[in-house]
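Visitor:
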Amino acid sequence: KAGVTQTPRYLIKTRGQQVTLSCSPISGHRSVSWYQQTPGQGLQFLFEYFSETQRNKGNFPGRFSGRQFSNSRSEMNVSTLELGDSALYLCASSRLAENTGELFFGEGSRLTVL
Amino acid sequence: AQTVTQSQPEMSVQEAETVTLSCTYDTSENNYYLFWYKQPPSRQMILVIRQEAYKQQNATENRFSVNFQKAAKSFSLKISDSQLGDTAMYFCAWAGTYKYIFGTGTRLKVLA
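Just so you know, the sequences run in chain order W and G. For the first sequence, counting from 1, position 101 maps to 107 in the numbering used here; every step adds exactly one. For the second sequence, counting from 1, position 8 maps to 3 in the numbering used here; every step adds exactly one.
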């Protein structure tokens, strides 16, 4: 069974640009959540989707957005990039509709903003 | 708002010895779950252990066990017989209503 796939793995952008990251969950998993990982800050929750609906979001500015498609694949977008957006962005999927089960993580997309 | 605090940024332990990683959390919700995740260097995050908050019995998975003190909102991870492969970042996490909150992590190094 294929794991969670995130693309691209690495990318470099300049300030003011926008970026779109993609996440394909494990087959059969309908919940997808996104996290920003930076040294010293740990993982910061961005948002969670289930069946194309955003059920919760973290405390990030509106420049961070996401969506989920009918096949459960998810994308997140960051507009007007800032230097502080440099981070590892992790996607995780879960089989259960409730937040009780294990999260399965992808390898992440490492974004560098210059 | 929920918070998760890991007060030990870095720890080290000799191979075969026991180490305890601490975690405290704050929540006003009654139904939640607690987790420890492991992130080995340059590898994917994986689940170590899971605890249902409504269960008083501490969870155990082989060499990994937790000390769950609900009233104190404490959730520590004990690793027995530490192995070199246990070297990783360890994250404590709280899961509530469609939301996960992670701590800042503890970098554990197992020394040969």
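Glycine included, each C-beta is placed from N, C-alpha and C at the ideal position.
(1) Can you list the alpha helix (DSSP H) stretches of 4 or more residues lying completely in the segment 13 to 83 of chain W, in chain order?
(2) Where do the ends of the beta strand (DSSP E) carrying residue 73(G) lie?
(3) Please confirm if the segment 92 to 99 of chain W is in contact with the segment 52 to 70 of chain G, defined as three or more CB-CB distances below 8 angstroms between the two stretches.
(4) Of all the CB atoms in chain G, is at least one closer than 9 angstroms to the CB of residue 41(W)?
(5) Look at residue 114(W) and residue 15(W) and say whether their C-beta atoms are less than 9 angstroms apart.
(6) Residues in its own chain within less than 6 angstroms of residue 30(G) by CB, not counting five upstream and five downstream?
(7) Taking only beta-carbon positions, decide if residue 79(G) is within less than 9 angstroms of chain W.
(8) Comparing C-alpha positions only, which one of 69(W), 89(W), 82(W) and 55(W) sits nearest to residue 76(W)?
(9) At a Cβ threshold of 9 angstroms, is residue 24(W) touching chain G?
(10) Cα separation between residue 59(W) and residue 4(G)?
(11) Could you tell me the boundaries of the beta strand (DSSP E) in which residue 117(W) lies?
(12) Name the chain W residues whose beta carbon is nearer than 7 angstroms to that of residue 6(G)?
(13) Name the chain G residues whose beta carbon is nearer than 7 angstroms to that of residue 49(W)?
Guide: Based on what the coordinates show:
(1) Counting whole runs of 4 or more residues, the segment 13 to 83 of chain W contains no alpha helix (DSSP H) stretch at all.
(2) 69 to 74 is the span of the beta strand (DSSP E), which, as asked, contains residue 73(G).
(3) No, they do not touch.
(4) At least one chain G Cβ lies under 9 angstroms of residue 41(W).
(5) Less than 9 angstroms divides the Cβ of residue 114(W) from the Cβ of residue 15(W).
(6) Residues of the same chain with a CB within less than 6 angstroms of the CB of residue 30(G), apart from the 5 flanking positions on each side, are 45 and 88 in chain order.
(7) So, not an interface residue.
(8) It is 55(W).
(9) With 9 angstroms as the cut-off, residue 24(W) does not count as an interface residue toward chain G.
(10) If you draw a straight line from the Cα of residue 59(W) to the Cα of residue 4(G), it comes to about 36 angstroms.
(11) Element bounds for residue 117(W): 115 to 119.
(12) Contact annotation for residue 6(G) against chain W: no contact, minimum CB-CB distance about 16 angstroms [criterion: below 7 angstroms].
(13) The contacting residues are 86 and 97.
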